[in-house]
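A.B. asks: Please read through the structure below; I'll follow up with questions.
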Amino acid sequence: MIKPLLTTALKDLGELLPKLAVLEPALHTLADTMLACWQARGKVLIAGNGGSAADAMHLAEELSVRYQKNRKALAAIALCDPAAITCAGNDFGYEHIFARQVEALGNAGDVFVALTTSGNSPSIVRALEIARLQGLRTAGFLGNDGGRARALTDIPLIVPSDATARIQEAHKVLFHVLCEYIESRL
19 MIKPLLTTAL KDLGELLPKL AVLEPALHTL ADTMLACWQA RGKVLIAGNG
69 GSAADAMHLA EELSVRYQKN RKALAAIALC DPAAITCAGN DFGYEHIFAR
119 QVEALGNAGD VFVALTTSGN SPSIVRALEI ARLQGLRTAG FLGNDGGRAR
169 ALTDIPLIVP SDATARIQEA HKVLFHVLCE YIESRL
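Laid out in structure tokens, this is it:
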């Protein structure tokens, strides 16, 4: 039966979502960092694996196209090109699939946003390292305790849960608030 599963998911989310309020300062900082980046004609690069890759594309399209209202397009790119990913994975190893793209596309002053529920994805950790070396500001939508990615992000947004699905659901709430705030400032 699906009812107990839905009841449990709603209960878990009901307990988790109020805990996100502590992330308001970090979310505000990320929004201001992104706005400053765009004002300087920079771009936001976003990456994640699996469901987080889909979330990276979701966030990028809401920034580059629109969230709720028509406004200026914002430079946001999800690093999800299958040709780039498979080439980097084949030629350099999977941990380099995003790092190579950050190296190619990222400039000092740009923003790299990492999505990882564990905080320990080698491909994300390596991309964060390269982003820092190249002078990008780094942010992470993370889960659990933030993992290895926490120390590599200027702006960590850590959802205090170890349930992957709940972390991803909470990330979507944070994405939407971020987009709504950004649109209100444009």
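To convert, take the position in the sequence shown, counting from 1, and add 18; that gives this note's numbering.
Even for Gly, the Cβ is constructed at its ideal location relative to N, Cα and C.
Could you give the DSSP three-state label for threonine 156: helix, strand or coil?
C.D. replies: Threonine 156: strand per DSSP, three-state reduction.
A.B. asks: For the 8 Å Cβ check, are there 3 or more pairs between the stretch 143-162 and the stretch 171-189?
C.D. replies: Judged by Cβ distances under 8 Å, the stretch 143-162 makes contact with the stretch 171-189, as three or more pairs qualify.
A.B. asks: Between alanine 72 and isoleucine 64, what straight-line distance do the alpha-carbon atoms span, to the nearest angstrom?
C.D. replies: Computed Cα separation, rounded: 11 Å.
A.B. asks: Taking the CB atoms as reference points, tell me whether isoleucine 148 and alanine 117 lie closer together than 8 Å.
C.D. replies: It is a contact, given that the beta carbons lie within the stated cut-off.
A.B. asks: Buried or exposed: where does arginine 155 fall if 16 or more other Cβ atoms within 10 Å of its Cβ makes it buried?
C.D. replies: Buried, by the Cβ-count rule.
A.B. asks: Are three or more beta carbon pairs between the stretch 101-113 and the stretch 131-144 nearer than 8 Å?
C.D. replies: Judged by Cβ distances under 8 Å, the stretch 101-113 makes contact with the stretch 131-144, as three or more pairs qualify.
A.B. asks: Excluding sequence positions up to five away, which residues of its chain have a Cβ less than 8 Å from the Cβ of serine 82?
C.D. replies: Here the set comprises Ala91, Leu92, Ala93, Ala94, Ile95.
A.B. asks: When DSSP labels each residue in this structure, what does phenylalanine 116 get in the three-state scheme?
C.D. replies: Reduced to three states, the DSSP call for phenylalanine 116 is coil.
A.B. asks: Going by DSSP, what residue range makes up the alpha helix (DSSP H) through alanine 44?
C.D. replies: Its alpha helix (DSSP H) spans residues 42-57.
A.B. asks: Along the chain, where does the beta strand (DSSP E) containing isoleucine 20 start, and where does it finish?
C.D. replies: No beta strand (DSSP E) contains isoleucine 20, which DSSP labels as neither H nor E.
A.B. asks: Give me whichever residues DSSP pairs with phenylalanine 130 in a beta bridge.
C.D. replies: Bridge partners of phenylalanine 130: Leu63, Thr156.
A.B. asks: Please classify alanine 167: does DSSP put it in a helix, a strand, or coil?
C.D. replies: Helix at alanine 167.
A.B. asks: Consult DSSP for leucine 92 and reduce its assignment to one of helix, strand or coil.
C.D. replies: DSSP places leucine 92 in coil when its eight states are reduced to three.
A.B. asks: With a CB to CB cut of under 8 Å and the five nearest residues on each side skipped, what residues in its chain are close to alanine 74?
C.D. replies: Excluding sequence neighbours, alanine 74 sits near Ile64, Ala65, Gly66, Ala96, Leu97, Cys98, Val131, Leu133.
A.B. asks: So, for leucine 196: in the same chain, excluding its five sequence neighbours on each side, which residues have a beta-carbon less than 7 Å away from its beta-carbon?
C.D. replies: Taken in chain order, the residues that qualify are Leu45, Leu48, Ala49.
A.B. asks: From the DSSP output, in three-state form, read off valine 191 for me.
C.D. replies: Helix.
A.B. asks: Can you tell me which of Leu31, Pro22, Thr25, Gly153 puts its alpha carbon nearest to the alpha carbon of isoleucine 185?
C.D. replies: Among Leu31, Pro22, Thr25, Gly153, the Cα nearest to that of isoleucine 185 belongs to Leu31.
A.B. asks: Would you mind reading off the limits of the beta strand (DSSP E) that contains proline 177?
C.D. replies: Correcting the residue identity first, residue 177 is valine in this sequence and not proline. Start and end: 173-177.
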